[in-house]
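Asks: Our numbering puts the first residue of the sequence shown at 1, with every later residue one more than the last. Heads up, the beta-carbon is just placed ideally off N, CA and C, and yes, glycines get one too. All of these numbers come straight from a predicted model, not from anything done at the bench. My questions all concern the structure below.
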Amino acid sequence: MGKRPVTLQDIIRQRQAGGFVGRRGELEAFERNLDLPVDDPRRRFLFTFHGDAGVGKTFLVRQLARLAGEHGYAAAYLDETDAVDVLGAMERLTAQWEAAGVHCRDWTKRLAAYRQRRRELDRDPGAPDGMASLLTRSATRIGVRLAADVPVVGAVAAEVDPDALGRNVDQLRMFLSRKFHDHRDVQLVLSPVEELTPAFVTELSEAAGDRPIALFFDTFERTSAFLEPWLLDLLGGRYGALPANLVITVAGQHPLDPNRWSAFLGLRDDTGLEVFTPAEARNLLAGRGITDERTTEVILEISGRLPLLVAMLAQSGPASAEEVGDPSGDAVERFLKWEPDERRRSVAMAGAFPRWLDADVLAAACAPEAAADDFDWLCRLPFVSRHADGFRYHQVVRAAMLRVSRAHSPQAWWDRHLALAAHHRAACDGLDLSGPKRWDDDRWRAAALEEHYHYLCARTPGALPRALEALVDAYAYRSSEALPWAQIIAQAGTDSDLPALRDRGDHLSTLAAGPDDNHITLLTDLATKPDLDAHHRGTALAERGELHRLAGRYDKALTDFTGSLELRPDYAWAIAERGWTYLLMGRYDDALTGYTRAIERNPTLAWAIAGRGLTYRRIGRYDDALTDFTLAIELNPPLDWAIAGRGWTYRLMGRYDDALTDYTRAIELSPTLDWATAGRGLTYRLIGRYDDALTDLTRAIELSPTLDWAIVGRGETYRLMGRYGEAVGDLDRAIELDPRYDLAYYRRGLVAFAVGRADDGRADMERAARHCAERADEDPTVEPWLAVCLLAAGRAGEAEQRAAHAVAAGVSRYDIDDALDDISDLRDVLGPVDGMAEVVAALEAQRGRDQ
Numbered sequence: 001m002g003k004r005p006v007t008l009q010d011i012i013r014q015r016q017a018g019g020f021v022g023r024r025g026e027l028e029a030f031e032r033n034l035d036l037p038v039d040d041p042r043r044r045f046l047f048t049f050h051g052d053a054g055v056g057k058t059f060l061v062r063q064l065a066r067l068a069g070e071h072g073y074a075a076a077y078l079d080e081t082d083a084v085d086v087l088g089a090m091e092r093l094t095a096q097w098e099a100a101g102v103h104c105r106d107w108t109k110r111l112a113a114y115r116q117r118r119r120e121l122d123r124d125p126g127a128p129d130g131m132a133s134l135l136t137r138s139a140t141r142i143g144v145r146l147a148a149d150v151p152v153v154g155a156v157a158a159e160v161d162p163d164a165l166g167r168n169v170d171q172l173r174m175f176l177s178r179k180f181h182d183h184r185d186v187q188l189v190l191s192p193v194e195e196l197t198p199a200f201v202t203e204l205s206e207a208a209g210d211r212p213i214a215l216f217f218d219t220f221e222r223t224s225a226f227l228e229p230w231l232l233d234l235l236g237g238r239y240g241a242l243p244a245n246l247v248i249t250v251a252g253q254h255p256l257d258p259n260r261w262s263a264f265l266g267l268r269d270d271t272g273l274e275v276f277t278p279a280e281a282r283n284l285l286a287g288r289g290i291t292d293e294r295t296t297e298v299i300l301e302i303s304g305r306l307p308l309l310v311a312m313l314a315q316s317g318p319a320s321a322e323e324v325g326d327p328s329g330d331a332v333e334r335f336l337k338w339e340p341d342e343r344r345r346s347v348a349m350a351g352a353f354p355r356w357l358d359a360d361v362l363a364a365a366c367a368p369e370a371a372a373d374d375f376d377w378l379c380r381l382p383f384v385s386r387h388a389d390g391f392r393y394h395q396v397v398r399a400a401m402l403r404v405s406r407a408h409s410p411q412a413w414w415d416r417h418l419a420l421a422a423h424h425r426a427a428c429d430g431l432d433l434s435g436p437k438r439w440d441d442d443r444w445r446a447a448a449l450e451e452h453y454h455y456l457c458a459r460t461p462g463a464l465p466r467a468l469e470a471l472v473d474a475y476a477y478r479s480s481e482a483l484p485w486a487q488i489i490a491q492a493g494t495d496s497d498l499p500a501l502r503d504r505g506d507h508l509s510t511l512a513a514g515p516d517d518n519h520i521t522l523l524t525d526l527a528t529k530p531d532l533d534a535h536h537r538g539t540a541l542a543e544r545g546e547l548h549r550l551a552g553r554y555d556k557a558l559t560d561f562t563g564s565l566e567l568r569p570d571y572a573w574a575i576a577e578r579g580w581t582y583l584l585m586g587r588y589d590d591a592l593t594g595y596t597r598a599i600e601r602n603p604t605l606a607w608a609i610a611g612r613g614l615t616y617r618r619i620g621r622y623d624d625a626l627t628d629f630t631l632a633i634e635l636n637p638p639l640d641w642a643i644a645g646r647g648w649t650y651r652l653m654g655r656y657d658d659a660l661t662d663y664t665r666a667i668e669l670s671p672t673l674d675w676a677t678a679g680r681g682l683t684y685r686l687i688g689r690y691d692d693a694l695t696d697l698t699r700a701i702e703l704s705p706t707l708d709w710a711i712v713g714r715g716e717t718y719r720l721m722g723r724y725g726e727a728v729g730d731l732d733r734a735i736e737l738d739p740r741y742d743l744a745y746y747r748r749g750l751v752a753f754a755v756g757r758a759d760d761g762r763a764d765m766e767r768a769a770r771h772c773a774e775r776a777d778e779d780p781t782v783e784p785w786l787a788v789c790l791l792a793a794g795r796a797g798e799a800e801q802r803a804a805h806a807v808a809a810g811v812s813r814y815d816i817d818d819a820l821d822d823i824s825d826l827r828d829v830l831g832p833v834d835g836m837a838e839v840v841a842a843l844e845a846q847r848g849r850d851q
């Protein structure tokens with residue numbers, strides 16, 4: 001492809017590039033490749049560069065991006081400051097395309113939908129606790145391959161009990177199906193990278209129809225954890241066909257793994273960057289007007305031909321070797337000595353203190369000596385570059401300047417860091433945010449991070465405990481937010497030459513970036529540190545309890561929630577979480593106590609009120625369940641799972657019209673809410689609307705093919721319609737899914753009796769009775785149903801005993817009504833059987849007393 005005409009903007013960019021003359025061979029090879037046809041066997045589609053810090057990788061990659069732009073390519077550049085995950089990377093790349101006139105409206109719209117759905121999820125008081133953090137862990141840990149949209153697999157799943165994982169995924173799907181109207185939104189939230197990357201590839205391909213595309217990934221040693229698996233999949237065609245006129249450049253300190261990238265060797269040009277050759281260094285110096293041989297030799301010796309330092313030492317154009325100084329001196333100090341203005345030398349040193357710069361931050365670091373034009377001057381220095389969050393010093397230069405500053409004046413070190421901490425504290429206060437709202441604001445989080453970093457560097461008393469407490473708060477907001485806080489602790493230790501602080505931060509960073517068991521260790525570390533206050537140690541214990549609950553380790557979860565509440569007695573979230581754990585364990589009385597206590601402390605906690613309603617329903621207290629579900633819905637009208645839960649309760653009470661109303665409302669809010677759809681189907685069946693029942697139950701099974709009770713419900717509907725073959729097919733499938741499913745055996749037994757296979761029918765009824773009896777000791781509400789199974793199996797005496805147990809236990813009339821309906825079905829198939837009249841009489845007598 002030929003070059004387009006040179007414009008004024010091109011000239012400006014070239015001048016701003018600072019007359020870069022190094023790496024001429026790499027530049028020329030890349031430029032020649034841009035002009036090769038895509039079908040030319042010499043054409044390379046992947047350029048990779050690696051080398052030590054300061055060797056000039058970033059400078060080279062930026063020049064390559066400039067060259068690509070001059071050749072008509074839509075170029076986009078990314079480094080570690082632009083993104084912390086794949087979603088952020090795609091967002092940054094497309095934003096640069098948009099700025100270059102390449103529109104990505106469809107992808108941007110889908111990304112906006114994802115961000116909106118995540119905000120809705122994070123802020124929904126009715127969300128199952130732990131679901132948002134589970135989603136966040138799955139979305140940010142992109143290097144772990146998602147499978148079948150299950151949010152944690154591979155390295156993460158290895159740490160989680162498979163049965164507990166299945167339960168958590170089912171809970172997650174159920175909640176998301178209730179929450180969102182469109183099934184595509186559910187998939188988007190579950191698997192954002194899997195859903196958004198194909199759209200990204202489509203946009204890239206469409207853009208490539210107008211102009212070729214060049215992507216540049218710098219500082220790959222910091223981004224490869226999440227970008228490398230994604231790039232490999234991208235190149236491998238996982239997300240769709242890439243355009244042929246695409247060139248990708250990757251630069252980092254380390255070479256790419258030859259095993260992982262072996263499939264692309266024929267497309268790739270790999271270069272290891274060393275220090276400048278003498279000729280390259282001399283060319284750069286000559287380009288800056290430095291031609292004196294002795295001066296050149298001194299610069300080459302001081303810099304070690306490290307490109308960054310060569311450029312620095314050449315910046316002020318020393319006319320003689322004496323102006324460069326003693327070769328044994330520090331290169332950074334020599335560079336600053338050239339600046340004749342003492343104030344500006346101080347500004348350059350002060351600019352190294354913050355991790356990133358804008359004009360206001362520089363003013364805070366330099367006060368009172370800062371001048372209005374200092375920021376523009378500083379930004380033109382060769383070691384300062386623009387990034388997404390502002391301007392940054394090159395890490396080699398910044399580290400050297402900080403070492404000089406620490407040694408030169410400990411008092412100035414302390415003063416500048418305190419001034420910067422105060423600046424960021426004021427920025428936080430200026431946003432006028434409080435409580436959880438602060439964490440929703442990107443600006444507040446960024447300023448708070450820098451505030452704590454500078455307090456740590458200043459070694460202020462209590463700085464580490466406060467930073468650790470902020471880390472706990474960040475984790476409680478969203479688990480992925482813990483990593484930046486751990487990293488600033490490590491960086492403050494490095495920048496301040498405090499090895500113990502650096503090691504602590506590195507350890508915490510490793511834990512925060514790891515799988516859930518590492519998070520358990522992280523939270524244990526935080527919860528057991530006496531220098532944290534009780535509030536934050538209690539929060540850490542509660543967060544650890546949630547992880548245990550999600551993994552099905554209920555006893556450990558209870559221990560943690562209880563420990564949390566000893567430290568924070570009024571922590572309503574932890575109280576309700578413990579109640580939820582009790583509910584999952586079948587400890588209904590304890591669940592009710594926990595939910596009630598949480599609601600007393602926070603009467604607007606709608607999800608806890610609905611959880612108590614669910615508990616009441618489980619123990620047959622349907623009127624109390626209705627009261628709680630109704631209150632939760634009044635507090636949070638879109639709380640669809642509470643609406644469907646109330647509909648379920650109405651169905652159990654025989655109030656079928658009310659049940660249909662609630663189910664329909666919940667389904668309108670969340671069309672993919674499988675259990676609500678199935679519940680409406682069961683209600684239609686109970687009132688004889690079999691076609692409507694089949695429609696709903698089939699839809700529910702399509703949404704969740706393993707929803708065994710819906711499969712049984714459809715099988716029973718087929719039986720009532722006389723479609724016995726289809727009924728048996730569904731009932732067989734349900735038993736395959738759960739070989740202990742007593743109701744499935746019972747329904748299949750009815751079909752067998754109906755078609756004259758009495759032996760098969762009795763065998764199924766025996767299985768139903770056996771499995772039902774296994775549940776009856778722990779759940780007295782099962783007794784009436786067990787009496788029915790025993791009647792069907794021909795065990796009249798035992799059936800009468802179980803009916804008597806049900807009466808003695810005071811089982812509710814609703815459970816008795818269900819049993820009487822089942823006996824009616826049995827009578828229709830077999831006629832009166834021994835013991836049936838006695839069982840019916842006992843149950844009806846109890847029903848009358850309960851009314």
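Tell me the DSSP bridge mates of F49?
Replies: F49 is bridged to A251, T271.
Asks: Here's the rule I'm using: 16 or more other beta-carbon atoms within 10 Å means buried, otherwise exposed. How should I633 be labelled?
Replies: Result: buried.
Asks: Do you know how far the Cα of G579 is from the Cα of L791?
Replies: Looking at the two C-alpha atoms, the distance is approximately 37 Å.
Asks: Would the beta-carbon of H50 fall within 8 Å of that of L362?
Replies: Contact: no.
Asks: What's the C-alpha gap between D674 and A700?
Replies: Each residue's Cα considered, the two are about 5 Å apart.
Asks: With DSSP as the reference, identify every bridge partner of A75, one or two as the case may be.
Replies: Paired residues: A214.
Asks: Give the secondary structure of S385 by DSSP, where H, G and I count as helix, E and B as strand, and everything else as coil.
Replies: Strand at S385.
Asks: Can you tell me where the beta strand (DSSP E) holding R392 begins and where it ends?
Replies: Element bounds for R392: 390–393.
Asks: Using only the alpha-carbon positions, how far apart do G594 and D257 sit?
Replies: When rounded, the distance between both Cα atoms is 52 Å.
Asks: Is the beta carbon of L558 sitting closer than 8 Å to the one on T528?
Replies: No; because the gap between Cβ atoms is not below 8 Å, this pair is not in contact.
Asks: To which residues of the same chain is F217 closer than 6 Å at the C-beta, ignoring the five residues directly before and after it?
Replies: Contacts found: L78, V250.
Asks: From R43 to F200, what does the alpha carbon distance come to, in whole angstroms?
Replies: C-alpha separation (whole angstroms): 24 Å.
Asks: To the nearest angstrom, report how far apart R568 and G88 are at their CA atoms.
Replies: Going from the Cα of R568 to the Cα of G88 covers about 36 Å.
Asks: Which residue or residues does DSSP assign as beta-bridge partners of L357?
Replies: Looking at the DSSP assignment, L357 forms a beta bridge with F391.
Asks: If you draw a straight line from the C-alpha of V61 to the C-alpha of L227, how long is it?
Replies: So the alpha carbons of these two residues sit roughly 17 Å apart.
Asks: Taking one C-beta from the region 471–486 and one from the region 374–384 each time, how about it: are there three or more such pairs within less than 8 Å?
Replies: Contact between the region 471–486 and the region 374–384 is absent, because fewer than three Cβ pairs lie under 8 Å.
Asks: Using the C-alpha atoms, what's the distance from H408 back to L221?
Replies: Checking the sequence, you will find Glu at residue 221 rather than Leu. Distance between the alpha carbons of E221 and H408: 32 Å.
Asks: How long is the line joining the alpha carbons of T695 and C428, rounded to whole angstroms?
Replies: For T695 and C428, the distance between alpha carbons rounds to 55 Å.
Asks: With which residues is V669 paired in a DSSP beta bridge?
Replies: Per the sequence shown, residue 669 should be read as Leu rather than Val. BP columns for L669 are empty, so no partner.
Asks: Would you list the one or two residues that DSSP bridges to L246?
Replies: Answer by DSSP bridge pairing, in chain order: I213.
Asks: Does the count of Cβ pairs from the region 759–771 and the region 712–730 closer than 8 Å reach three?
Replies: Touching, no.
Asks: Using three-state DSSP, classify N283 as helix, strand or coil.
Replies: DSSP places N283 in helix when its eight states are reduced to three.
Asks: Does I687 pass the burial test, meaning 16 or more other C-beta atoms within 10 Å, or should it be called exposed?
Replies: That one is exposed.
Asks: Quick one: Cα of R459 to Cα of R504, how far?
Replies: R459 and R504: Cα-Cα distance of roughly 15 Å.
Asks: Let me confirm a value: K437 is counted as buried when at least 16 other C-beta atoms fall within 10 Å, else exposed. Which label applies?
Replies: Classification for K437: exposed.
Asks: Report yes if the CB atom of V38 is closer than 8 Å to the CB atom of A244, and no otherwise.
Replies: Result yes, Cβ atoms of V38 and A244 sit closer than 8 Å.
Asks: Can you give me the C-alpha to C-alpha distance between R775 and L826, rounded to a whole angstrom?
Replies: The alpha-carbon atoms of R775 and L826 are separated by roughly 22 Å.
Asks: From Y741 to E195, what distance separates their C-alpha atoms?
Replies: So the alpha carbons of these two residues sit roughly 36 Å apart.
Asks: For D589, which of G611, Y571, D570, A606 has the nearest alpha-carbon?
Replies: Checking every option, the nearest Cα to that of D589 belongs to G611.
Asks: So, A734 versus G761, is the Cβ gap smaller than 8 Å?
Replies: Against a cut-off of 8 Å, the Cβ pair of G761 and A734 comes out as no contact.
Asks: I'd like to know whether the C-beta atoms of G317 and D358 end up nearer to each other than 8 Å.
Replies: Cβ distance not < 8 Å, so G317 and D358 don't count as in contact.
Asks: Looking at the structure shown, is M653 part of a helix, part of a strand, or coil, going by DSSP?
Replies: Correct three-state label for M653: coil.
Asks: Using alpha carbons as the reference points, say which of D233, G237, Y114, L215 lies closest to V189.
Replies: The shortest C-alpha separation from V189 is found at Y114.
Asks: Can the beta-carbon of I643 be found less than 8 Å from the beta-carbon of R621?
Replies: Not closer than 8 Å, so no.
Asks: Is the beta carbon of G514 sitting closer than 8 Å to the one on L541?
Replies: It is not a contact, given that the beta carbons lie outside the stated cut-off.
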